[in-house]
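To start, the structure under review is shown below, and the notes come after it.
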Amino acid sequence: MRESAVQIVIPTYNERENIARLIAELRARYPDAGIIVVDDDSPDGTADVVEMMAASDSRLRILRRRGRRSFARSVVEGMLWALAREPQFVIQMDADLSHHPQYIGDLLHAATEADLVIGSRYVGRRVNVVNWPLSRLLLSVFANAYVRTITRLPVFDVTGGFRCWRAEALRAIDLSSIRSEGYAFQVETLYRAHRLGHRIVEVPILFTERNAGASKMSARIILESAIRPWTLVLGRSTPKSHG
Ligand SMILES: Nc1nc2c(ncn2[C@@H]2O[C@H](COP(=O)(O)OP(=O)(O)OP(=O)(O)O)[C@@H](O)[C@H]2O)c(=O)[nH]1
Ligand SMILES: [Mg+2]
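Take 0 as the starting number for the sequence shown in numbering that gives the first Met the number 0 and just add one per residue.
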């Protein structure tokens, strides 16, 4: 089988109610794309749903992780698996339908002239978020301003996880040495891409809050996100040379 030029990586934890619909919508638009779902042994059986769909879809893959769950480790594992397929582009997105497949076309289009394309909730100072409680919006807006101030990243949406990477650009950031566990992963990878001089472009998306399933936001993850920008700018998180 010829491998797909586009590989889509989706981390999941308890997304049984969302994952089948997402995969169906992706397939309807992108019959040839590789889809890699990386599940952290979800108690709700998310992985079984995917495995059943994969039985009749040779380009859909489930990676089952065991042990301590980690958003970032999951995405890294999925991305490494994707890169081994030698694609042109690797897309990362959430499973909860906040990241709608309708925008993938825009991401891919922009990626013809960029190394990293970010599906952005905050392009041009407009806030494109639907159904978020004010507290959640404030947390996100504050988190973005906080990270931007410390890191000086020239990007509006530094924490978003709907992205399209040119494969060479993703290889260049050395995923195996990423330190983050939670959503700080988004900032860490973006920071590395920026430091390497990658061309980074934002395209607007409308972000819709999940209808089904529960958030995995936790105090530990927020704390990590508060500390990570500092370790990045202080150089404690840059990859060691592999001598
Ligand atoms: N494999 C894996 N996936 C995870 C983990 N935590 C979250 N995810 C997935 O990562 C994506 C983003 O997580 P969400 O819980 O939606 O995070 P969020 O968008 O900040 O929170 P919500 O506002 O509730 O949507 C979803 O597809 C989750 O299922 C984890 O520990 N392991
Ligand atoms: Mg979400």
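Virtual Cβ for every residue (Gly too), placed ideally from N, Cα, C. These numbers come from a predicted model, not from an experiment.
Along the length of the stretch 158-242, whole alpha helix (DSSP H) runs at least 4 residues long occupy 166-171, 183-194 and 218-232, reported in chain order. Relative to ligand 1, residue 14 has its C-beta within less than 7 Å of a heavy atom.
Contact check for residue 85 against residue 62 fails: the beta carbons are separated by 8 Å or more. It is roughly 12 Å from the alpha-carbon of residue 204 to the alpha-carbon of residue 96. For residue 52, same chain residues with a beta-carbon under 7 Å away, outside a window of 5 residues either side, are 19, 22 and 59 in chain order. According to DSSP, residue pairing for residue 62 in a beta bridge involves 37.
At a Cβ-Cβ threshold of 8 Å, residue 16 and residue 211 count as neighbours. Beta-bridge partners assigned by DSSP to residue 115: 164 and 199. Shortest gap from the CB of residue 95 to any heavy atom of ligand 2: under 7 Å. For the set 229, 34, 13 and 165, the Cα lying nearest the Cα of residue 183 is the one of 229. Within its own chain, the residues whose Cβ lies closer than 8 Å to the Cβ of residue 88, once the five positions on either side in sequence are excluded, are 4, 5, 6, 107, 110, 163, 164, 165 and 166, listed in chain order. In this structure, residue 73 sits away from residue 153, with a CB-CB distance that is not shorter than 8 Å. Between ligand 1 and the CB of residue 47, the shortest heavy atom gap is not smaller than 7 Å.
Residue 90 counts as buried, since at least 16 other C-beta atoms from the protein chains shown sit within 10 angstroms of its C-beta.
Here residue 159 is actually not in contact with residue 224; their C-beta atoms are around 13 Å apart, not less than 8 Å. Using a cutoff of 7 Å, the CB of residue 209 counts as near ligand 2, since one of the ligand's heavy atoms is closer than that. Under the 8 Å Cβ criterion, the stretch 212-220 does not count as touching the stretch 20-39, having fewer than three qualifying pairs.
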